[in-house]
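Protein chains in written order, with the working numbering: chain G, 1009 to 1290; chain U, 1009 to 1290. All C-beta atoms in this analysis are idealised placements derived from N, C-alpha and C, irrespective of residue type, glycine included.
2 protein chains.
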Amino acid sequence: MENLLATISTALPNLNKSEKKVAAVILDDPEASTQSSIATLASRSKVSEPSVNRFCKRFGASGFPDFKLKLAKSLVSGVRYVSSAVELEDTSDEFTPKIFNNSIHALSLVRDSINASLVARVVDQLVQARRIYFFGLGTSAAVATDAEYKFFRFNTPVSSHHDPLMQRMLASAGGVGDLFFCISHTGRTKTLIETAQLARENGATVVSLTAPNSPLSQACQWALELDVPEDTDEYLPMTSRIVHLVVLDVLATGVTLRKGEEFLPHLARIKNSLKPTRFSQD
Amino acid sequence: MENLLATISTALPNLNKSEKKVAAVILDDPEASTQSSIATLASRSKVSEPSVNRFCKRFGASGFPDFKLKLAKSLVSGVRYVSSAVELEDTSDEFTPKIFNNSIHALSLVRDSINASLVARVVDQLVQARRIYFFGLGTSAAVATDAEYKFFRFNTPVSSHHDPLMQRMLASAGGVGDLFFCISHTGRTKTLIETAQLARENGATVVSLTAPNSPLSQACQWALELDVPEDTDEYLPMTSRIVHLVVLDVLATGVTLRKGEEFLPHLARIKNSLKPTRFSQD
DNA sequence: CGTTAAATGTAGTTTTGTTACACAAATACT
DNA sequence: AGTATTTGTGTAACAAAACTACATTTAACG
């Protein structure tokens, strides 16, 4: 368990009387607890100061100040609420931050687990490619489109495709110099896997953005495998596509940096091209 | 400025001698600073304890312990690094977390500033609508597509459109019961604003997801105005569309919750329909 | 060069947290 | 059921940390 508040609330039943009192006061208003001294917290919980101190040590802190520090950190880190699962009875001000927290949490997990050197090697492939195809189906189709909108800036011909037959035909026509970038949350979509294999047999470079150890990642030379926390409930939106989009941002940034300073005016020109379509800023 | 570490590093030149020494020690290893006492920090900075104390107060803390708390929080909160701006010389393990942090940061800002009751009212509109259109151009086109993929589950007819002429025609044909959902980061795209006005004149419900006080938000009855930190550099990817997607997740969740428990089997059925397209989990 | 204001340090005080120990409650064992 | 043992809790003394008032130094300016 990584969140102190969550740890406390799950351990709650196993605590003894005075520890329960302390836990209740802390869970009731963690923010206030980080501000108060051991004396005030003790009196508010109606226990002695050493009891509070023992409570802190039980939860892995070296003492009270250390505990407060850990508590303060856990308040910030994405999951502000003890549980971030949306409940059927939630009102809008309850479920709204939860949805945000789920995405934030997923992003920080991937940020801390992503293989940066693999990112660099995939950037290499993208830079070297003569042509780039982004393939995705379902929700990942929108991700593929977004990737196309981002990568067209680099002068390498790019396109995104959502039609499995089209994908298959393009894969069969592809060869050395072509890069096929396959996006799939599950990594188990049959047609996409077959398409990836087909492209690879023809000598094309095949990259995937997908789940670890999935059939799709095994079918590709370069697999960006992401451990995105699974959606626990039917009615919770997918966080994986958010993570995918950010990874594509990372790759696009990598390519931009590789192109170097002389490339920046080109990007500025593209940005400025939109000015006439907009009302001016006043 | 909201990040303590960033605040310190920008204020660095304006500090006097001993404060500079303290700042240097803290910036060098903030994590260690949160662990140490005022005495150790003073000796490590080669200044007196009161100097450290004064340093803390200068940065808005009530004293040293409060300062440590704030410092600890700022270490967690997304922006782990003093500067999160991508530099041209960054290697993959430097720019990768920065991109993630930018998105995380944007999400937490919007999480803390979004108007939950407005969310609830927009959900009302979405539930009541006879038909929903998602409009977006450029990057927001992909967001609109994603929204369509999400909202089709609710049995209300939905579509997304990226063609300004098509958008205009649909708006002119729309009326009471139709909901037009306009997505734009800038809120200044002329055609989209005109389309929104047109739809409104015809009695349709018009909702926007856009920048605060923009022409687009003024043209709509319901405006979800988001303060997303602007992209500072040309070569940095947009964080706004990530935020937009999450807001649409929030709205979709709101609609789902409104539909109630009896609606969940319907969602499960849709999810299961994809099974035959995938290789089984082993 | 002297005056003044700002910056920094010293020493003492207060607050805060910790430890050792004693008492009480609960549990286990005869 | 009664005693022993363990576990839990509080009291009080102690130690450490942070803060304040004041003294000293340093720099700035006339």
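| query | result |
| --- | --- |
| Alpha-carbon spacing of residue 1234 of chain U relative to residue 1105 of chain G, whole angstroms | 14 Å |
| In chain order, each beta strand (DSSP E) run of at least 3 residues that lies wholly inside the segment 1141–1198 of chain U | 1166–1169 and 1186–1191 |
| Nonlocal neighbours in the same chain, by C-beta distance under 6 Å from residue 1003 of chain U, ignoring five residues either side | With chain U represented from 1009 up to 1290, any question about residue 1003 of chain U goes unanswered, as that position is not in the structure. |
| Test item: CB-CB of residue 1258 of chain U and residue 1115 of chain U under 9 Å | no |
| Limits of the unbroken alpha helix (DSSP H) element including residue 1275 of chain G | 1272–1280 |
| C-alpha distance - residue 1181 of chain U paired with residue 1203 of chain U, whole-angstrom precision | 11 Å |
| Among G/1189, G/1121 and G/1023, nearest to residue 1256 of chain G - alpha-carbon criterion | G/1189 |
| Minimum Cβ-Cβ distance from residue 1118 of chain G to chain U less than 9 Å | yes |
| Chain U contact for residue 1141 of chain G (CB, 9 Å cutoff) | no |
| Cβ pair residue 1196 of chain G, residue 1224 of chain G closer than 9 Å | yes |
| Same chain, Cβ closer than 7 Å to residue 1056 of chain U, five either side skipped, listed in chain order | 1050 |
| Buried versus exposed, by CB contacts within 10 Å (16 or more), residue 1027 of chain U | buried |
| Neighbour flag for residue 1249 of chain G against chain U, beta carbons, 9 Å | yes |
| Contacts that residue 1254 of chain G makes with chain U (C-beta to C-beta distance below 7 Å) | 1107, 1108, 1111 and 1250 |
| Cα-Cα separation, residue 1183 of chain G to residue 1160 of chain U | 37 Å |
| Residue-chain proximity (residue 1073 of chain U, chain G), Cβ-Cβ < 9 Å | yes |
| For residue 1219 of chain U: DSSP bridge partner residues | In the DSSP output, where bridge partners are listed per residue, residue 1219 of chain U has none listed. |
| Those residues which DSSP pairs with residue 1213 of chain G across a bridge | G/1187 |
| Where residue 1025 of chain U falls, given that 16 or more other Cβ within 10 Å makes a residue buried | exposed |
| Three-state secondary structure assigned by DSSP to residue 1232 of chain U | strand |
| Presumed contact (8 Å Cβ cut-off) between residue 1126 of chain U and residue 1023 of chain U, rounded CB distance | The Cβ separation is near 42 Å, so there is no contact. |
| Beta-carbon proximity check, residue 1230 of chain G vs residue 1214 of chain G, cutoff 9 Å | yes |
| Neighbour flag for residue 1282 of chain G against chain U, beta carbons, 9 Å | yes |
| Collapsed DSSP secondary structure at residue 1138 of chain U in the structure displayed | coil |
| Any chain U beta carbon closer than 9 Å to residue 1286 of chain G | yes |
| Within-9 Å CB hit, residue 1068 of chain U to chain G | no |
| Contact with chain G by residue 1057 of chain U, beta-carbon distance below 9 Å | no |
| C-beta neighbour in chain G for residue 1018 of chain U, strict 9 Å | no |
| Three or more C-beta pairs below 8 Å linking the segment 1071–1084 of chain G and the segment 1034–1041 of chain G | yes |
| Beta-carbon neighbours of residue 1098 of chain U, restricted to chain G and to distances below 8 Å | 1265 |
| Chain U within 9 Å of residue 1187 of chain G, Cβ atoms only | no |
| Listed by chain order, chain U residues near residue 1025 of chain G by CB distance under 8 Å | Neighbours of residue 1025 of chain G on chain U: none; closest Cβ ~29 Å, over 8 Å. |
| CB contact check: residue 1115 of chain G to chain U, cutoff 9 Å | yes |
| Cross-chain neighbours of residue 1103 of chain U in chain G, by beta carbon under 8 Å | 1258, 1261, 1262 and 1265 |
| Cβ-based contacts, 7 Å cut-off: residues of the segment 1163–1197 of chain U near chain G | 1194, 1196 and 1197 |
| Exposure label - residue 1280 of chain U; buried when at least 16 CB within 10 Å | exposed |
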